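When we follow the numbering used here, the leftmost residue of the sequence shown carries the number 12, and every step to the right adds one.
Note that the Cβ used here is the ideal one computed from N, Cα and C, for glycine as well.
In this text, all values refer to a predicted model and were calculated from it rather than measured experimentally.
Data block below; observations after.
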Amino acid sequence: MEILPAGYSDFRKREYWNNFFRIIDNKNFEWYGSYEDIKSIVYTCIRKRLNYSNDKDEDEISSSDVNKNCLLINTGCGNSNISNEFYEDGFKHIINIDYSEVVLENMRKKYGKKMKFINIDLNNSEEFDTFLKNIDYQWENENNNNINSNNIDNIDSNNIDNIDSNNNITIYDEIDRYKIHMEETNHHDNFCCEKKTQKKKDIFYKQYDYKIFFDKAFLDSYLSCEKNEEDICKKNAQNYFSHIFKYMKKGDLFLIVTLCQYYIIKEIIRNIYNENIKLEIFPYLIKQHTNEFTLHPFLFAFYKTSNNKKNDYSAHFINIHNNEIREISIWKIPQEIRKIRENININIFKKGKRIILDIYNQNTNLCDYNIIVYDSNVEQKTIKYNTVVIVVPWGYEFHSLYASPEGNEELSEKAQTKRLLLVMKSTFFSTQNKTNDKTIVCNVDNKRADNILHDTLDDIPFNSFINDYNVNHNHNVNHNHNVNQ
């Protein structure tokens, strides 16, 4: 069997993934980047995990510390090393679930001493629900029910420190009302629950302050479907989200790393509608080989709220680098994702591509400038520059040379450039801007500038036809760019 699937539905089949992991053997796959790519986002989410709760603990919210005393449940773990990266960063209570016996066996050999790997098929609603119900056990209710040491045989000597003055073993290490354990059958883990007092060696999680449900690329494959299978994917999404939301409590997090294609966004919106959930969306770049990706991943963070009686159908888009937060309607998430993806991919040259960027003044929050980015069809042999910047004279914004793709192509041919940048005063606020003929400097981050300036040369021709902008004619602006064409 080849690695490539015969169709989208293969991504939902156990047989496909068992064969996939047999073929690639121990080769590791990090589909959407590494832990380092999302680490700062994860920390941000942990710090604010109580922000949307009405009965929040102000002391905990104001803390700048990252509380890593949580239970991390990695759904559809595959052979990613990210769980181990979490572990090395201080997250010590980790459960990985998958339904491929092949990958679970391989991962258990690598990391089985640090964390647990359990075979669970999320399509089996009863099994998934039982698993979540038992890990959701309320420790605080059991803290009042210490077990007398005389009732437990062969106490592990490692637990001596946990015996109090009354010879009771604290619940922290010794008791789990509903036992979750592993039965070895053909060297694979089978999930089993039974009501039983159990010694420490059978308990694979300790007391924790909250839970993180973590999904990296699983949802994207779990909802993959052919055109005639949309009802199946709709059912899968409802099963997945409803179970996790059911067992999310105050302070818990649900983090999904996804390519955010439309079929994914649609199901996310459908399943958070009218739920007591707040959504934050974090775009991020994979640090290694960034320019090789046309679909960049996003991290979706779901927070438990007390209620949704106010019909708050909004989501927050967050720029982790400058802490910019924008609130939009959940119905506009697809359009926002599309715009962000276009901006991220702006460094990728494509003949005929034309994008208009709005540059806002941070002091007035008004759009002062527009930048048109146009990738020309000029023949390679006639190209002299990779990028030419032209400042459009005031009042000429609607001239066909600047306002139409045909005019942009004509300018590109005359300038002998591969990429043309047209900088102009914004026409949206002409009455506010008309009295100010001087250039207002708007902050544009270095990454965005490097992406726009599709150039490998140090000197980029920068042309202006008039002096209104306090810029000399045909002068060069020196830049150092590390942008791959």
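Inset, instruction - Could you tell me which residues DSSP pairs with residue 226 in its beta bridges? - result: DSSP lists 86, 267 as the bridge partner or partners of residue 226.
Legend entry - Neighbourhood of residue 312 by C-beta distance below 6 Å, restricted to the same chain and skipping five residues each side: If you ignore the 5 residues before and after residue 312, its C-beta comes within less than 6 Å of the C-beta of 56, 266, 291, all in its own chain and listed in chain order.
Legend entry - CA-to-CA distance, residue 58 to residue 379, given in whole angstroms: C-alpha separation (whole angstroms): 35 Å.
Inset, instruction - Pick out whichever of 126, 436, 366 has its Cα sitting closest to the Cα of residue 377. - result: Sorting 126, 436, 366 by C-alpha distance to the C-alpha of residue 377 places 436 at the top.
Inset, instruction - Look at the alpha carbon of residue 416 and the alpha carbon of residue 366, and state the distance between them as a whole number of angstroms. - result: Residue 416 and residue 366 have their C-alpha atoms some 10 Å from each other.
Legend entry - Opposing strand residues paired with residue 384 [DSSP bridges]: Residue 384 pairs with 366, 432.
Inset, instruction - Would you kindly check if the distance between the Cβ of residue 295 and the Cβ of residue 331 is under 8 Å? - result: Yes, the Cβ-Cβ distance between residue 331 and residue 295 is below 8 Å.
Legend entry - Contact under 8 Å by Cβ, residue 222 with residue 84: Yes, the pair counts as a contact, with Cβ atoms nearer than the cut-off.
Legend entry - Reduced DSSP secondary structure (H/G/I, E/B, other) of residue 26: In this structure, residue 26 counts as helix in the three-state DSSP scheme.
Inset, instruction - Kindly indicate which residue of 422, 114, 355 has the alpha-carbon position closest to the one of residue 31. - result: The residue with the shortest Cα to Cα distance from residue 31 is 114.
Inset, instruction - Rank 241, 86, 121, 297 by C-alpha distance to the C-alpha of residue 130 and give the top, closest one. - result: The residue with the shortest Cα to Cα distance from residue 130 is 86.
Legend entry - residue 399 vs residue 431 beta-carbon contact at 8 Å: Result yes, Cβ atoms of residue 399 and residue 431 sit closer than 8 Å.
Inset, instruction - Could you have a look at residue 332 and say whether DSSP puts it in helix, strand or coil? - result: Reduced to three states, the DSSP call for residue 332 is coil.
Inset, instruction - With a cut-off of 8 Å on the beta carbons, I'd call residue 418 and residue 412 a contact; round off their distance for me. - result: About 4 Å separates the two Cβ atoms, so the contact holds.
Inset, instruction - Could you please give the first and the last residue of the uninterrupted beta strand (DSSP E) stretch that includes residue 127? - result: 127-130 is the extent of the beta strand (DSSP E) around residue 127.
Inset, instruction - Determine the extent of the alpha helix (DSSP H) in which residue 258 is found, giving its start and end residues. - result: Following the DSSP letters along the chain, one finds residue 258 inside the alpha helix (DSSP H) bounded by residues 241-258.
Legend entry - N- and C-terminal bounds of the beta strand (DSSP E) containing residue 397: In the DSSP annotation of this structure, the continuous segment of the beta strand (DSSP E) that includes residue 397 starts and ends at 396-402.
Inset, instruction - Go ahead and pull the three-state DSSP assignment for residue 337. - result: Residue 337: strand per DSSP, three-state reduction.
Inset, instruction - Round the Cβ separation of residue 234 and residue 284 to the nearest angstrom and send it over; I've been treating them as touching at under 8 Å. - result: Not a contact, Cβ separation roughly 17 Å.
Inset, instruction - Express the C-alpha separation of residue 390 and residue 91 in angstroms, rounding to a whole number. - result: Spanning the two alpha carbons is a distance of roughly 44 Å.
Inset, instruction - State buried or exposed for residue 409, treating a residue as buried only when at least 16 other CB atoms are found within 10 Å of its CB. - result: Of the other Cβ atoms in all chains shown, fewer than 16 fall within 10 Å of the Cβ of residue 409; this residue is therefore exposed.
Inset, instruction - Just mark residue 337 as buried or exposed, buried being the case when its beta carbon has 16 or more other beta carbons within 10 Å. - result: With fewer than 16 Cβ atoms within 10 Å of its Cβ, residue 337 is classed as exposed.
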